[in-house]
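Novice: Numbering (the numbering used here), first residue to last: 9 to 80. Note that beta-carbon positions come from the ideal geometry of N, C-alpha and C, so glycine has one too. The structure displayed is predicted, hence computed values, not measured ones.
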Amino acid sequence: MERYHDRRKEYPNYEAESGYTGLYVLKTAIEKANRLVGGWPDDNAIIAALEGLLFPAPAGYIYIRPDNHQGY
């Protein structure tokens, strides 16, 4: 948070937090899928890695529901 403030001279708003969270959820899923398939994953492998993912975000944990792919 302080690094963000030092660079932008303001504290992050909800748009910054949601952008950060979205990017790192995707990064986590790609890395997980990469380990499972042993190389660059395709879309289906990334989707499978997202299903059931519990991710620690700045505003709290995000859980990607496997039944509808929504994050809460």
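Which class does A67 belong to by DSSP, given the choice of helix, strand or coil?
Specialist: A67 falls in the coil class under three-state DSSP.
Novice: Sort Y80, N21 and I54 by Cα distance to P64 and report the nearest one.
Specialist: The shortest Cα separation from P64 among Y80, N21 and I54 belongs to Y80.
Novice: Threshold first: 3 residues or longer. Then list the beta strand (DSSP E) segments lying entirely within the stretch 11-69, N to C.
Specialist: Counting only runs of 3 or more, we get 62-65.
Novice: Enumerate in chain order the residues of its own chain whose CB-to-CB distance from A67 is below 7 Å, with the five nearest sequence positions on each side excluded.
Specialist: E25.
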